[in-house]
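Enquirer: For our numbering, count along the sequence shown from 1 and bump the result up by 935.
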Amino acid sequence: MWAYGASRALDYLLTRNEIDHDHIAVVGHSRLGKTALWTAAQDERFFMGISNNSGIGGAAIAKHSTGERIVDFIRAGSWDWYCERFKEYDGYEDINMPYDQHYLLAAIAPRCICAGSAEQDKGADPKSEFLSCVTASEVYNLLGYSGIITADEFPSAGTSLHEGRIGYHIRTGQHYFSRYDWNQYITFMSKKISASSVD
């Protein structure tokens, strides 16, 4: 329902002459970060999907995650965020799940993605969010684009990776959408808009 609403908002934005129709991003934090990625994968009119601290079901891979698990959503009463079939993998994420969240990120290719993590946000599992960006990059490479451009190590807090079509940053702090996050997304999007005029 949230993704449907975002696409209907985009329908309206595309009627406005003062909006740059070619460079609209869908942005979300936490559960709406999950939504932003799903929306970008489903609606190719979005130039970019931006996900802040989205965790499992969002940017973070589920297999071998040290953060949230499927059971956490069932216990918290947040099950309505997902389809019924997702429940089948509760407790079996590492064994039976035939896909993982990097598939969702890869479904957005070759359009841009930017994911942000917070160092102390253990529920969202920053390492799994980063690993998903790295793994999804393989699809970007197959399409002739760079995904995330990074050294072969997990970045430290304060690091921004904005060179490829998949951007990532990690900051200190907890599970919230900060001014620092907004500035990172604005910087990344500005770079990608400039680059798109050359592509």
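Where is the CB? At the ideal position from N, CA and C, for every residue including glycine.
So what does DSSP say about GLY993, is it helix, strand or coil?
Expert: For this step, residue 993 is matched to residue 58 along the sequence shown. Coil.
Enquirer: Between which residues of its own chain and ASP1056 is the CB-CB distance below 7 Å, once the five residues before and five after are set aside?
Expert: Here residue 1056 is taken as the residue at index 121 of the sequence shown, counted from 1. For ASP1056, where only same-chain residues beyond five positions count, the Cβ hits under 7 Å are ASN988, GLN1109, HIS1110.
Enquirer: Just to confirm the assignment, what range does the beta strand (DSSP E) spanning LEU1096 have?
Expert: Working through the sequence shown from its first residue, we reach residue 1096 at position 161. Residues 1094-1096.
Enquirer: List the DSSP bridge partners of TYR1103.
Expert: As a first step, residue 1103 is located in the sequence shown; it is residue number 168 there, counting from the start. Partner(s): ALA1050, LEU1096.
Enquirer: Enumerate, from N- to C-terminal direction, the unbroken beta strand (DSSP E) stretches of 3 or more residues contained entirely within the region 1054-1088.
Expert: Qualifying beta strand (DSSP E) stretches: none in this window.
Enquirer: For the beta strand (DSSP E) that GLY984 lies in, which residues bound it at each end?
Expert: Translated into positions along the sequence shown, residue 984 becomes position 49. 983-987 is the extent of the beta strand (DSSP E) around GLY984.
Enquirer: Check for me: the alpha helix (DSSP H) holding ALA1130 runs from which residue to which?
Expert: Taking the sequence shown and counting its residues from 1, one reaches residue 1130 at position 195. Looking at the DSSP string, the run of the alpha helix (DSSP H) that includes ALA1130 is 1114-1131.
Enquirer: Flag this pair as yes or no: are the beta carbons of ILE1083 and ILE1105 separated by less than 7 Å?
Expert: Taking the sequence shown and counting its residues from 1, the one referred to as residue 1083 is at position 148. Taking the sequence shown and counting its residues from 1, the one referred to as residue 1105 is at position 170. No, these two residues do not count as a Cβ contact at 7 Å.
Enquirer: Any contact between the region 1117-1124 and the region 1058-1067? By contact I mean 3 or more CB pairs, one from each, below 8 Å.
Expert: Too few Cβ pairs lie closer than 8 Å, so no.
Enquirer: Along the alpha helix (DSSP H) that carries ALA1044, what are the first and last residues, could you check?
Expert: For the purposes of this step, residue 1044 is taken as residue 109 along the sequence shown, with counting starting at 1. It is not in any alpha helix (DSSP H) - ALA1044 carries neither H nor E in the DSSP assignment.
Enquirer: Judging by CA-CA distance, which residue of ALA994, GLU1003, MET1124 is the nearest neighbour of ALA960?
Expert: Counted from its first residue, the sequence shown places residue 960 at position 25. Minimum Cα distance to ALA960 is reached at MET1124.
Enquirer: Taking the alpha helix (DSSP H) that GLY940 belongs to, which residues open and close that run?
Expert: Walking along the sequence shown from the start, residue 940 turns up at place 5. Here the alpha helix (DSSP H) through GLY940 covers 937-948.
Enquirer: Could you check which residue in ALA1041, LYS1126, LEU967, PRO1090 has the C-alpha nearest to that of MET936?
Expert: Locating residue 936 in the sequence shown gives position 1, counting from the first residue. Residue LEU967 is the option with its Cα nearest to MET936.
Enquirer: Is the separation between the beta-carbon of VAL962 and that of ILE991 shorter than 7 Å?
Expert: Within the sequence shown, numbered from 1, the residue matching residue 962 stands at position 27. Within the sequence shown, numbered from 1, the residue matching residue 991 stands at position 56. It is not a contact, given that the beta carbons lie outside the stated cut-off.
Enquirer: Are LEU1096 and ALA1071 touching if we call contact CB-CB under 7 Å?
Expert: In the sequence shown, residue 1096 corresponds to position 161, counting from 1. In the sequence shown, residue 1071 corresponds to position 136, counting from 1. Against a cut-off of 7 Å, the Cβ pair of ALA1071 and LEU1096 comes out as no contact.
Enquirer: Out of ALA995, GLU953, ARG951, ASP946, which has the shortest C-alpha to C-alpha gap to GLU979?
Expert: Reading the sequence shown from its first residue, position 44 is the one you call residue 979. It is ASP946.
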